[in-house]
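Residue numbers (the working numbering), protein chains in the order written: chain F, -15 to 170; chain D, -15 to 170. Presented below is the structure to which this report refers.
Number of protein chains: 2
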Amino acid sequence: MKKSAVRERILEVASRLFYEQGYNLTGINQIIEEADIARASLYNHFDSKTDLLLAYLKEAEDIWFLEMENYTARSSDPKEKLLALFDFRMERQNKRGFGGCQFIKISAEVSRQDTQVFDAVSHQKNRLKVFITDIVKDLPDNNRLLTHGLLADALFLLLEGAAISGSIYKNQESMTKAKEIADKLI
Amino acid sequence: MKKSAVRERILEVASRLFYEQGYNLTGINQIIEEADIARASLYNHFDSKTDLLLAYLKEAEDIWFLEMENYTARSSDPKEKLLALFDFRMERQNKRGFGGCQFIKISAEVSRQDTQVFDAVSHQKNRLKVFITDIVKDLPDNNRLLTHGLLADALFLLLEGAAISGSIYKNQESMTKAKEIADKLI
DNA sequence: GTCTATAACCAGATAGAC
DNA sequence: GTCTATCTGGTTATAGAC
Chain F
-15 MKKSAVRERI LEVASRLFYE QGYNLTGINQ IIEEADIARA SLYNHFDSKT DLLLAYLKEA
45 EDIWFLEMEN YTARSSDPKE KLLALFDFRM ERQNKRGFGG CQFIKISAEV SRQDTQVFDA
105 VSHQKNRLKV FITDIVKDLP DNNRLLTHGL LADALFLLLE GAAISGSIYK NQESMTKAKE
165 IADKLI
Chain D
-15 MKKSAVRERI LEVASRLFYE QGYNLTGINQ IIEEADIARA SLYNHFDSKT DLLLAYLKEA
45 EDIWFLEMEN YTARSSDPKE KLLALFDFRM ERQNKRGFGG CQFIKISAEV SRQDTQVFDA
105 VSHQKNRLKV FITDIVKDLP DNNRLLTHGL LADALFLLLE GAAISGSIYK NQESMTKAKE
165 IADKLI
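Spelled out as structure tokens, the structure:
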């Protein structure tokens, strides 16, 4: 294999295991074994397990928005675009076995004082909020129950709530309901 | 101290640490130290750390509903009662330093195959859903945007989403917004 | 029932050969 | 840069004295 591919392979394996098993339940040993590399090679590319976690979060955010923006780009109508956001997460959760949001999951696993991790997670959530808000602005001014500001908040909270709820019940019912509600609100 | 108080003290300390630090980051050592008991005493009252976790979840659910029902009992009007649910969680999150929902947090820390834990968590969530649904039924039949069924789902998802979001941002803004939205929907 | 001591194991991280 | 061997300190759980 290529030398530079090692780092990618570590991240690939770590990403999978951190999501499937959890960060704390995934040991360095398992990562080096499944990535088929030597112990010290990992520490050559990452300073520590925490450093690997932060790299994972950063890469995960990039991939998440790439896929999300690609998915919702199919629709040009603002309302359709917003509803596609629910479909995106539904499809994603289906594919990934209803493990919930990977960013939220990590935030529940680290110490509350771990500002680096919480900064990374809130960065992703902020970016999603901005994405939603920008589309809501393009909506025609019908007489809605909620103002544009509150509507954007509602959509965000419904998405997050449904992602969590789906991960508990291990099915897509929550996200389906959330989309139904969103459809009425928009 | 009383003999029978030992079990209570273990649960008390474990509850605090599981929430503050996380389940996986809390070792048996720290629990026995802070509860000021012997190692084997813990294993006399609980078969394993997992057993202690399940006892924690059970007790936590009982306490949660006791406090919640007590809090919302102040209001007799159905709409006020539903909105009080948001106040309850806001107050609770304020007191507990925005660590998020304790049940969700645990579900993010254990293996996805740990059915005992996921059953305990979904039990608590189902009970909350039933509580909400029962009150929604008592609402007068105004011409609302959402049917009673969808309204109950919306309130549940808003609560869960706001709890999560608040735990990321470490403030009560999410729950305040959620209550504002709920106020319009009901 | 509570205690101390210890077993058996696994974690993250590093040293030094190549 | 990658390897193997090792260090140190952590974990859960148990044995046996009192």
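Backbone N, C-alpha and C define an ideal beta-carbon position, used for all residues, glycine too. Bear in mind the structure is a predicted one, so any value in this text is a computation, not a measurement.
On a CA-only basis, which of F:Leu169, F:Gln5 and F:Ile119 is nearest F:Ile90? Give me that one, please.
-> Here residue 90 of chain F refers to the residue found at position 106 of the first sequence. Nearest option by C-alpha distance: F:Gln5.
Classification of F:Lys163 by the beta-carbon crowding that lies within 10 angstroms, buried from 16 upward = Within the first sequence, residue 163 of chain F is the residue found at index 179, counting from 1. Note on F:Lys163: 16 or more other CB atoms within 10 angstroms of its CB, so buried under the neighbour-count rule.
With a CB to CB cut of under 7 Å and the five nearest residues on each side skipped, what residues in its chain are close to D:Thr177?
-> Any property of residue 177 of chain D remains undetermined from this structure, which presents chain D solely from -15 to 170.
What in chain D is Cβ-close to F:Val105, meaning under 9 Å?
-> Taking the first residue of the first sequence as position 1, residue 105 of chain F is located at position 121. For F:Val105, the neighbours in chain D by C-beta distance under 9 Å run, in chain order, Ile152.
Close Cβ partners of F:Val120 (< 6 Å) along its chain, the five nearest in sequence each way excluded | By 1-based counting over the first sequence, the position of residue 120 of chain F is 136. Contacts found: His132, Leu135 and Ala136.
What are the residues of the region 9 to 28 of chain D that lie near chain F, defined by any Cβ-Cβ distance shorter than 9 Å?
-> With the criterion set as a beta carbon lying under 9 Å from some beta carbon of chain F, the members of the region 9 to 28 of chain D are Leu9, in sequence order.
Just checking my contact of F:Leu143 with D:Leu142 at CB under 8 Å: how many whole Å lie between their CB atoms?
-> As a first step, residue 143 of chain F is located in the first sequence; it is residue number 159 there, counting from the start. As a first step, residue 142 of chain D is located in the second sequence; it is residue number 158 there, counting from the start. The C-beta distance from F:Leu143 to D:Leu142 rounds to 11 Å, too long to fall under 8 Å, and the pair is not in contact.
At a Cβ threshold of 8 Å, is D:Asp71 touching chain F?
-> As a first step, residue 71 of chain D is located in the second sequence; it is residue number 87 there, counting from the start. Against chain F, the CB of D:Asp71 has no partner CB under 8 Å away; the residue lies outside that interface.
Give me the Cα-Cα distance between D:Ile12 and F:Gln97, rounded to the nearest whole angstrom.
-> As a first step, residue 12 of chain D must be located in the second sequence, where it is residue number 28. As a first step, residue 97 of chain F must be located in the first sequence, where it is residue number 113. Going by the C-alpha atoms only, they are around 21 Å apart.
Every unbroken alpha helix (DSSP H) inside the region 36 to 107 of chain D [4 residues or more] = Counting only runs of at least 4 residues, the region 36 to 107 of chain D fully encloses the following alpha helix (DSSP H) elements, listed from N- to C-terminal order: 62 to 79 and 86 to 91.
Could you name the residues of chain F that D:Met5 contacts, counting a contact when the two beta carbons are closer than 7 Å?
-> If you number the second sequence from 1, residue 5 of chain D lands on position 21. First, the amino acid is wrong: residue 5 of chain D is Gln here, not Met. Ordered by position in chain F, the residues that pass the 7 Å Cβ test against D:Gln5 are Ser95.
Test: F:Asp137 CB closer than 8 Å to a CB of chain D = Taking the first residue of the first sequence as position 1, residue 137 of chain F is located at position 153. With a threshold of 8 Å between beta carbons, F:Asp137 makes contact with chain D.
Along chain D, in chain order, which residues have C-beta atoms closer than 8 Å to that of F:Phe102?
-> The sequence position of residue 102 of chain F within the first sequence is 118, counting from 1. Scanning chain D for C-beta atoms nearer than 8 Å to the C-beta of F:Phe102 yields Ile152 and Lys154, reported in chain order.
Cβ separation of D:Ala138 and D:Leu169, assumed to be a contact under 8 Å, to the nearest whole Å = Position 154 of the second sequence, counting from 1, holds the residue named residue 138 of chain D. Position 185 of the second sequence, counting from 1, holds the residue named residue 169 of chain D. Yes, they are in contact, since the Cβ atoms of D:Ala138 and D:Leu169 sit about 6 Å apart, within 8 Å.
Take D:Leu26 as the anchor and find which of D:Asp61, D:Cys85, D:Asp167 and D:Glu(-8) has the nearest alpha-carbon.
-> As a first step, residue 26 of chain D is located in the second sequence; it is residue number 42 there, counting from the start. Of D:Asp61, D:Cys85, D:Asp167 and D:Glu(-8), the residue nearest in Cα terms is D:Glu(-8).
Which of helix, strand or coil does DSSP assign to D:Lys121?
-> The count along the second sequence starts at 1 and reaches residue 121 of chain D at position 137. Residue state, collapsed to three classes: helix.
State the DSSP-derived secondary structure class of D:Asn13, mapped to helix, strand or coil.
-> By one-based count along the second sequence, residue 13 of chain D stands at place 29. Three-state result, D:Asn13: helix.
Within the 8 Å Cβ cut-off, does F:Leu130 reach chain D?
-> On the first sequence, residue 130 of chain F is found 146 positions in, with the first residue counted as 1. True, the Cβ-Cβ gap to chain D drops below 8 Å.
How many Å lie between F:Ser158 and F:Gly150 at the Cα?
-> For the purposes of this step, residue 158 of chain F is taken as residue 174 along the first sequence, with counting starting at 1. For the purposes of this step, residue 150 of chain F is taken as residue 166 along the first sequence, with counting starting at 1. Per the coordinates, the alpha-carbon of F:Ser158 lies some 6 Å from the alpha-carbon of F:Gly150.
Where does F:Phe30 sit, in a helix, a strand or coil, going by DSSP?
-> By 1-based counting over the first sequence, the position of residue 30 of chain F is 46. In this structure, F:Phe30 counts as coil in the three-state DSSP scheme.
Report the option in F:Pro124, F:Glu53, F:Ala39 and F:Ala19 whose CA atom is closest to the CA atom of F:Gln100.
-> For the purposes of this step, residue 100 of chain F is taken as residue 116 along the first sequence, with counting starting at 1. Closest by alpha carbon: F:Ala39.
So, does the CB of F:Lys163 fall closer than 8 Å to a CB anywhere in chain D?
-> Residue 163 of chain F sits at position 179 when you count from the first residue of the first sequence. Judged by the 8 Å Cβ criterion, F:Lys163 is not in contact with chain D.
Cβ of D:Lys(-13) less than 8 Å from any chain F Cβ?
-> Mapped onto the second sequence, residue -13 of chain D falls at position 3. In this prediction, D:Lys(-13) scores a pLDDT of 46, lower than 50, which makes its location untrustworthy; no coordinate-derived value is stated.
Give the single residue among D:Leu(-5), D:Ser60, D:Tyr3 and D:Lys33 whose Cα lies nearest to the Cα of D:Phe87.
-> Translated into the one-based positions of the second sequence, residue 87 of chain D becomes position 103. D:Phe87 has its Cα closest to that of D:Tyr3, out of D:Leu(-5), D:Ser60, D:Tyr3 and D:Lys33.
F:Gln5 (DSSP reduced to helix, strand or coil) = Locating residue 5 of chain F in the first sequence gives position 21, where the first residue counts as 1. In the structure shown, F:Gln5 sits in coil (DSSP, three-state: anything other than H, G, I, E or B).
So F:Ile167 is in the alpha helix (DSSP H); what residue range does that whole segment cover?
-> The residue given as residue 167 of chain F occupies position 183 in the first sequence. Ile is not the amino acid found at residue 167 of chain F; the sequence shown has Asp there. If you look at F:Asp167, you'll find it in the alpha helix (DSSP H) that goes Glu157 to Leu169.
To the nearest angstrom, report how far apart F:Ala92 and D:Glu93 are at their CA atoms.
-> By one-based count along the first sequence, residue 92 of chain F stands at place 108. By one-based count along the second sequence, residue 93 of chain D stands at place 109. Whole-angstrom Cα-Cα distance: 7 Å.
From F:Asn28 to D:Lys65, what does the alpha carbon distance come to, in whole angstroms?
-> Taking the first residue of the first sequence as position 1, residue 28 of chain F is located at position 44. Taking the first residue of the second sequence as position 1, residue 65 of chain D is located at position 81. The alpha-carbon separation between F:Asn28 and D:Lys65 amounts to approximately 57 Å.
Any beta-carbon of chain D closer than 8 Å to the one on F:Ala92?
-> Position 108 of the first sequence holds residue 92 of chain F. Closer than 8 Å to some Cβ of chain D, the Cβ of F:Ala92 qualifies, so yes.
Within the same chain, show all residues whose beta-carbon is closer than 7 Å to that of D:Asp20, passing over the 5 residues directly before and after it, in chain order.
-> Here residue 20 of chain D corresponds to residue number 36 of the second sequence, with the count starting at 1. For D:Asp20, where only same-chain residues beyond five positions count, there are no Cβ hits under 7 Å.
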